[in-house]
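**Q**
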Amino acid sequence: MGRAKLVDVEVMLSWASSMSWKGLYSILSLSKTVYQKGISLTKKAMKQVESRLQRNLLLPKWDILIQPL
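Using the numbering used here, the letters of the sequence shown map in sequence onto residues 960 to 1028.
(1) How is Ser-990 classed by DSSP in three states: helix, strand or coil?
(2) Distance check for Val-966 and Tyr-984, CA to CA, integer angstroms please.
(3) Check the C-beta distance from Ala-975 over to Leu-989 and give it rounded, since I have them as a contact under 8 Å.
(4) Give the single residue among Ala-1004, Trp-980, Glu-1009 whose Cα lies nearest to the Cα of Pro-1019.
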C-alpha cells in the first residue's frame, strides 16, 4: 500500500479519489459546512439513514456500504 503525506485538503482529496476497491472508485467532495455540536437526528430520520447501510458480517463496525439515495 502506498503512502501519502497528507499536507492539505487538495492532497487528501486527490489521494482518496485515487483509491479503488474491486475496480470501483469513490466520488467525493469537500464540504465546508460547519455543524453545531450536540445536534442529533430523530429516531425516524436515523432509521432512514440506517436503511441505506449494508454492514459486513465479519467487520460490522468498520466495513459499511452506503447505498446512494
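Cβ coordinates follow ideal geometry from the N, Cα and C atoms, glycine included.
It should be emphasised that the depicted structure is a prediction, and the values quoted were computed from it without experimental measurement.
**A** According to the data block:
(1) Judged by DSSP in its simplified three-state form, Ser-990 adopts coil rather than helix or strand.
(2) Roughly 22 Å separates the two Cα atoms.
(3) Contact between Ala-975 and Leu-989 is ruled out by a C-beta separation of about 10 Å, above the 8 Å threshold.
(4) Just measuring C-alpha positions, the residue of Ala-1004, Trp-980, Glu-1009 sitting nearest Pro-1019 is Glu-1009.
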